[in-house]
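Working notes, beginning with the structure itself.
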Amino acid sequence: MNQSQNLPRFIIIGAMKAATTSLYYYLSRHPEVNMSSKKETDFFLERCFHQGLEHYQAYFENNDKVKGEASTNYTKFPHFKGVPERIRSVIPEVKLIYILRDPIERLSSEIHHAWVQGYETRSLEQILGDFDNNNYVYISKYYEQLSQYLKVFDEKQLLILTTEQLRKDPETAMQKTFRFIGVNPEFSSEEFHNKLHVSSQKTQKTGLGKMIDQMGWMQSVKNGIRTLLPDQAYSSLKGIANRKVPKVVLESNTVERLLNEFRPDVDKMREFTGYSFSEWRYTY
1 MNQSQNLPRF IIIGAMKAAT TSLYYYLSRH PEVNMSSKKE TDFFLERCFH QGLEHYQAYF
61 ENNDKVKGEA STNYTKFPHF KGVPERIRSV IPEVKLIYIL RDPIERLSSE IHHAWVQGYE
121 TRSLEQILGD FDNNNYVYIS KYYEQLSQYL KVFDEKQLLI LTTEQLRKDP ETAMQKTFRF
181 IGVNPEFSSE EFHNKLHVSS QKTQKTGLGK MIDQMGWMQS VKNGIRTLLP DQAYSSLKGI
241 ANRKVPKVVL ESNTVERLLN EFRPDVDKMR EFTGYSFSEW RYTY
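Residue numbers (the UniProt record's numbering): 1 to 284.
Below, the structure is given as structure tokens:
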């Protein structure tokens with residue numbers, strides 16, 4: 001039914017900063033799979049749902065391939081509520097894929113990403129001073145997020161993966177995923193070893209850098225400057241428009257607080273999945 005309606009058979013629901021971009025890309029390599037033209041459609045958020053089914057269907061090619069999408073905002077409860085219910089109202093038999101990463105590493109990566117993008121201006125101490133009403137913390141509570149889906153979907157419709165499994169043995173992780181969505185599980189690709197959006201020390205636009213980006217005609221000027229200036233001088237000029245954003249470094253007492261905060265949720269996820277999560281950096 002879903003294929004004839006040009007709707008996805010499966011959705012990657014998260015988690016943010018847990019290799020969903022890599023998983024989306026690896027799935028797109030399979031000849032029987034058609035991923036959405038935009039990775040994160042966000043269609044099942046309240047702010048997008050009113051756009052209607054035809055708007056959603058336009059993200060997918062009209063063919064017989066197995067379709068899928070990946071929107072990490074689908075596991076950001078309570079910031080975004082009602083997502084599982086909306087999904088079920090449209091695609092009740094959908095298969096859901098949830099990829100998990102060490103909760104503290106995921107949180108750290110998201111904070112770093114927010115700093116780079118410029119929509120988080122608080123210090124680490126301010127961000128993690130209080131765990132109440134803290135979206136960074138909520139998103140890493142995987143069982144709490146998953147429990148919203150278990151209210152309306154059968155657990156047989158869920159596949160749990162980990163970022164660490166995908167990175168260490170991508171072929172096995174992808175075989176498991178292909179089998180779950182009902183396509184040839186023997187397909188493999190050298191591209192499964194490409195890691196997309198791996199965090200490192202990145203740069204953030206300064207006020208000058210943002211202003212230049214907003215002025216489209218400046219691109220030709222920038223190109224001209226690049227050809228005229230020596231490498232060292234050009235690098236110095238770039239430094240004025242960009243500032244380096246270091247990785248998140250957590251103090252030991254903050255790590256301990258986070259471990260205590262996440263441990264009950266991880267225990268519930270262990271019980272649900274049967275996974276030990278021994279590959280995670282921290283011991284919960």
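Note that the Cβ used here is the ideal one computed from N, Cα and C, for glycine as well.
Just so we're clear, the structure is a prediction, and the values are computed from it rather than from any experiment.
Phe192 by DSSP, collapsed to three states: which one?
helix
Name the DSSP bridge partner or partners of Tyr98?
Gly14 and Ile160
Given a threshold of 16 other Cβ atoms within 10 Å of its Cβ, counted over all protein chains shown, does Asp130 qualify as buried or as exposed?
exposed
One question on the structure: do Glu155 and Lys17 come within less than 8 Å of each other, judged by their Cβ atoms?
no
Please classify His55: is it buried, with 16 or more other beta-carbons within 10 angstroms of its beta-carbon, or exposed?
exposed
Determine the direct distance from the alpha carbon of Leu23 to that of Glu69, and round the result to whole angstroms.
10 Å
Closest Cα partner of Lys151 within the set Leu128, Tyr119 and Val83:
Val83
Let me confirm a value: Asn253 is counted as buried when at least 16 other C-beta atoms fall within 10 Å, else exposed. Which label applies?
exposed
Could you check whether Ile104 and Val255 sit closer than 8 Å to each other, using their CB atoms as the reference points?
yes
List the residues that DSSP assigns as beta-bridge partners of Asn73.
In the DSSP output, where bridge partners are listed per residue, Asn73 has none listed.
How far does the beta strand (DSSP E) with Val33 in it extend, from its first residue to its last?
Val33 to Met35
Cα-Cα, which of Thr20, Thr162 and Asp265 is closest to Glu144?
Asp265
Under the rule that 16 or more other beta-carbon atoms within 10 Å means buried, what is Asn184, buried or exposed?
exposed
Tell me whether Leu100 is buried or exposed, calling it buried when 16 or more other Cβ atoms sit within 10 Å of its Cβ.
buried
Along the alpha helix (DSSP H) that carries Phe272, what are the first and last residues, could you check?
Ser252 to Thr273
Can you grab the Cα-Cα spacing for the pair Thr172 / Glu32, in whole Å?
18 Å
Determine the burial state of Leu128: buried for a count of at least 16 other Cβ atoms within 10 Å of its Cβ, exposed for fewer.
buried
CB-CB length for Ile181 against Arg9, believed under 8 Å
6 Å
4-residue-minimum alpha helix (DSSP H) runs that sit fully inside the segment 115 to 192, ordered along the chain
124 to 127, 135 to 139, 142 to 150, 163 to 168 and 170 to 181
Grab me the residues of Ser188's own chain with a C-beta within less than 6 Å of its C-beta, minus the 5 sequence neighbours each way, in chain order.
Glu171
May I have the straight-line CA-CA distance separating residue 286 from Ser36, to the nearest angstrom?
The structure shown has nothing for residue 286, since the chain only spans 1 to 284.
Can you have a look at Gly52 and say buried or exposed, based on whether 16 or more other CB atoms are within 10 angstroms of its CB?
exposed
For Lys76, tell me which candidate among Trp280, Asn133, Lys39 and Ser278 has the shortest Cα-Cα distance.
Asn133
Does the beta-carbon of Ser106 have 16 or more other beta-carbons within 10 angstroms, so that it is buried, or is it exposed?
As written in the sequence, residue 106 is Arg, which differs from the Ser given in the question. The residue is buried, with at least 16 neighbouring Cβ atoms inside 10 Å.
Per the DSSP calculation, Lys67 is bridged to which residue(s)?
Asn34
Quick one: grab the DSSP three-state call for Leu45.
coil
C-alpha distance - Arg281 paired with Ser147, whole-angstrom precision:
24 Å
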